[in-house]
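What follows is a set of notes on a single structure, which appears directly below.
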Amino acid sequence: MASLVSHPDEVRVVSKRFGQGATNIDRYVDLDGYKAVQKALGMQPDEIINEVKSSGLRGRGGAGFSTGMKWSFVPKQSAKPKYVLCNGDESEPGTCKDRLIFEHDPHAVIEGVMIAAIAVGSHTGYIYIRGEYRYVSIIMQKAIQDAYARGFLGKNIFGSGYDLDIYWHGGAGAYEVGEESALMESLEGKRGIPRIRPPFPAIVGLWGGPTVINNAETLASVPHIMLGGSEWYAGIGTPKNGGTRLFCLAGNLNKPGVYELPMGYNLKKMIYEVGGGIPGGRKLKAVVPGGSSTPVLLPQEIDVPMDFDSLAKAGSMLGSGGVVVLDDSTCIVKFALRTIKFYQHESCGWCIPCREGTDWLKKTLTRFHAGAGLKKDIDNIYYLAENMLGKTFCPLGDAAAMPTMAFVKKFRKEFEDHLEGRPCPFEKVGAVEQLPVMA
Amino acid sequence: MKFSEEFESRFTEMLTHYPTKRSVLVPTLLYAQDEIGSLTGEIIAELAQRLDLTELEVRNVISYYSMLTTKPRGKYNVQVCTNIACMLRGGEELLDHCKKKLGIGHKGTTQDGLFALEEVECIGACSWAPAIQVNYDFHENLTIEKMDKVLDEYRKKGTQ
Chain A
1 MASLVSHPDE
11 VRVVSKRFGQ
21 GATNIDRYVD
31 LDGYKAVQKA
41 LGMQPDEIIN
51 EVKSSGLRGR
61 GGAGFSTGMK
71 WSFVPKQSAK
81 PKYVLCNGDE
91 SEPGTCKDRL
101 IFEHDPHAVI
111 EGVMIAAIAV
121 GSHTGYIYIR
131 GEYRYVSIIM
141 QKAIQDAYAR
151 GFLGKNIFGS
161 GYDLDIYWHG
171 GAGAYEVGEE
181 SALMESLEGK
191 RGIPRIRPPF
201 PAIVGLWGGP
211 TVINNAETLA
221 SVPHIMLGGS
231 EWYAGIGTPK
241 NGGTRLFCLA
251 GNLNKPGVYE
261 LPMGYNLKKM
271 IYEVGGGIPG
281 GRKLKAVVPG
291 GSSTPVLLPQ
301 EIDVPMDFDS
311 LAKAGSMLGS
321 GGVVVLDDST
331 CIVKFALRTI
341 KFYQHESCGW
351 CIPCREGTDW
361 LKKTLTRFHA
371 GAGLKKDIDN
381 IYYLAENMLG
391 KTFCPLGDAA
401 AMPTMAFVKK
411 FRKEFEDHLE
421 GRPCPFEKVG
431 AVEQLPVMA
Chain B
1001 MKFSEEFESR
1011 FTEMLTHYPT
1021 KRSVLVPTLL
1031 YAQDEIGSLT
1041 GEIIAELAQR
1051 LDLTELEVRN
1061 VISYYSMLTT
1071 KPRGKYNVQV
1081 CTNIACMLRG
1091 GEELLDHCKK
1101 KLGIGHKGTT
1111 QDGLFALEEV
1121 ECIGACSWAP
1131 AIQVNYDFHE
1141 NLTIEKMDKV
1151 LDEYRKKGTQ
């Protein structure tokens, strides 16, 4: 069980029931649970969608697309069954928030899936949980069973005449499956290889039926919006960035942890006040603001509101909420290598720019960091990344390219220093020196 | 091929959750592996037959997912995360320590079959780094000393 933290600046919406025993269904009901879905059952589907639209809720998985808008793309009439799929395949390095939601407030996710289903006219929902989170899936399984036992799920929920089934589904270790089309492939029992779009999942998704796919935090936010109202929710954040966000503070910080802060909270304050600053009297070197795929920010770039639009303006992304802080003892080349090693490992290999690009990047960065780098490698690293960007089936290629380009652009000097053996003492040289050089 | 009753009842129930049989494949493979230790040829043949798939289709899925393995490994699979958040807080040092202490490398198994070691990608414990998983159990905010204790506890548990 992961430990909880708190800070006075927190605004607790999604984390309101953390540590309150809300895995117990009676406790959850006492804490206003399953009220939002009953409210939704009394509304027209369009009313629900409009409420979510005007709340300014945007996808918490990383892309930041308007949730209400996504729901509105699902056709009203469909010959094939419609589905709601909750993405709980949390795997973006730096991110550990969905795990807490599932652990502390599983019914909120179930209720969010229910409301989404009612809004789009679906009668089946799936909650996909990554395979490593076994204890979390046991909690979710129990929660679903309890909801069925109460008649909250199944036939004629809350006497409304609406039938709704929800199941949980477990993964078996694959970052790529967090991408929405690969997620559907995995749920269908296949390798998690992305599908080409269009058609988008809202039109052709699971087993060919229209499918809404939302991140677990997104769905867990929905019941609060239904009860508190869109105006209240939108008012917490910044314009077009409604509500709060679970920020996972990690890396070189005195008080790492998952904190729920309003959208638009200042990053500098987040690091120095909420996160307690950098330990050991060290200085800040860089911040990865939203999971490992987001371009790194320099210390002079962190006086920025943490919302989707402000981060985009700052040349990065809000991403998945994983804020990874690097102190001045970190070797950027090594950090870039570790980042790319991950994407190389997780690339599904389906499309060539990603498969070959991540592999070449890993080889080049490995050799470079080991002290056998050439001057032209620096440009080659950038060139390789640049040529993956926007040229792959799914965003994994971009996720590998964007941070790499930022590392080279912002820390070119440090790459150059490596050629001279500074500042990173070259690690053990050997076989890696033999890795090929790109022409 | 004999699985536990729990496995069989879960399998039968899961089949009712989806419009297609093969949808149960990924979680079922993991549960089978948890019981038998690895995905043997026998398991693959059995599940292929139950789900109207070819063995090749099942193997094709197995090779994609990092948690699935066709090779037997130690009773306690020590999975050390060295991804960025853990790396910044000593994940690599933990891995090196485990390698020395257990005398095995990445994906190795100790001679007594008690431990396996694996360097893994992000396990979703970034705010509590460095972290490891032993089978499915998380151990977080680790130091070398705490790591030793964790390993000793499993050794005790495994040799009882």
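These protein sequence lines map, in sequence, to chains A and B. Residue numbering for the first sequence follows this note's numbering, starting at 1 and increasing by one per position. Residue numbering for the second sequence follows this note's numbering, starting at 1001 and increasing by one per position. Note that the Cβ used here is the ideal one computed from N, Cα and C, for glycine as well.
Asked	Found
I'd like to know if G19/A contacts chain B, where contact means its C-beta is closer than 8 angstroms to some C-beta of that chain.	no
Using a Cβ cut-off of 8 angstroms, pull out every chain B residue sitting near S91/A, in sequence order please.	E1121, C1122 and G1124
Taking C-beta to C-beta, are A449/A and I110/A nearer than 8 angstroms?	No answer is possible for residue 449/A: it lies beyond the span of chain A, which begins at 1 and ends at 439.
Suppose contacts are defined by Cβ-Cβ distances below 8 angstroms. Is K39/A in contact with L227/A by that definition?	yes
Excluding five sequence neighbours on each side, which residues of the same chain lie with their C-beta closer than 8 angstroms to the C-beta of T1040/B?	T1070
Mapping DSSP to helix, strand and coil, what is M263/A?	coil
Roughly how many whole angstroms lie between the Cα atoms of D359/A and G349/A?	10 angstroms
Which chain B residues are close to N252/A, counting only those with a beta carbon under 9 angstroms from its beta carbon?	L1088 and R1089
By a C-beta neighbour count over all protein chains shown, 10 Å radius and 16 as the cutoff for buried, is H1106/B buried or exposed?	exposed
So, is S293/A buried or exposed, given that buried needs 16 or more other C-beta atoms within 10 angstroms?	buried
Using C-beta distances below 7 angstroms, list every residue in its chain close to G1074/B, excluding the 5 sequence neighbours before and after it, in chain order.	T1109, T1110, G1113, L1114, F1115 and A1116
Per DSSP, what kind of secondary structure is Y162/A in: helix, strand or coil?	coil
Determine, for A174/A, whether the minimum Cβ-Cβ distance to residues of chain B falls below 8 angstroms.	yes
Cα-Cα, which of T1020/B, Y1018/B, D1034/B and P1019/B is closest to S1004/B?	D1034/B
Does the CB of S1127/B have a neighbour CB from chain A at under 8 angstroms?	yes
Looking at the structure shown, is A147/A part of a helix, part of a strand, or coil, going by DSSP?	helix
Apart from the five residues on each side of it in sequence, which residues of its chain come closer than 6 angstroms, Cβ to Cβ, to R195/A?	S181
Would you list the one or two residues that DSSP bridges to V120/A?	According to DSSP, which records beta bridges pairwise, V120/A is partnered with nothing at all.
From K443/A to E416/A, what distance separates their C-alpha atoms?	The displayed coordinates of chain A run from 1 to 439. Any statement about residue 443/A would go beyond what the structure contains.
Among W168/A, L384/A, V120/A and K16/A, which has the Cα closest to the Cα of Y133/A?	W168/A
Rounding to the nearest angstrom, what Cα-Cα distance links C354/A and I381/A in this structure?	14 angstroms
Return the CA-CA distance between W1128/B and V84/A, expressed in angstroms with no decimal places.	31 angstroms
List the residues of chain B that K269/A touches, going by C-beta distances under 9 angstroms, in chain order.	The premise fails here: K269/A is roughly 18 angstroms from chain B at the closest Cβ pair, so nothing lies under 9 angstroms.
Assign L1056/B to buried or exposed, taking buried as 16 or more other Cβ atoms, counted over all protein chains shown, within 10 Å of its Cβ.	exposed
Since F247/A sits in a beta bridge, which residues does DSSP pair it with?	Y259/A
Just list the beta strand (DSSP E) runs in the stretch 1014-1091 of chain B, keeping only unbroken ones of 3 residues or longer that don't cross its boundaries, in chain order.	1076-1081
With a threshold of 8 angstroms between beta carbons, is R1022/B in contact with chain A?	yes
Taking the straight line between their C-alpha atoms, what separation do you get for W207/A and G42/A?	30 angstroms
Is the CB-CB distance between R150/A and S91/A below 8 angstroms?	no
In chain order, what residues of the same chain lie with their CB nearer than 6 angstroms to the CB of G457/A, ignoring the 5 residues before and after it?	Lying outside 1 to 439, the shown extent of chain A, residue 457/A is not represented and no answer is given.
Could you give the residue range of the beta strand (DSSP E) that holds I213/A?	T211 to N215
Since A1131/B is in the alpha helix (DSSP H), which residue starts that stretch and which ends it?	Where A1131/B is concerned, there is no enclosing alpha helix (DSSP H), given that its DSSP letter is neither H nor E.
Do I271/A and I302/A have their CB atoms nearer than 8 angstroms?	yes
Which residue wins for smallest C-alpha separation from K255/A, given the options R1089/B, G1124/B and V1134/B?	R1089/B
Near Y148/A, what residues of its chain come up, given a Cβ to Cβ distance below 6 angstroms and the 5 sequence neighbours on each side ignored?	G154
Between T1082/B and D1096/B, what straight-line distance do the alpha-carbon atoms span, to the nearest angstrom?	11 angstroms
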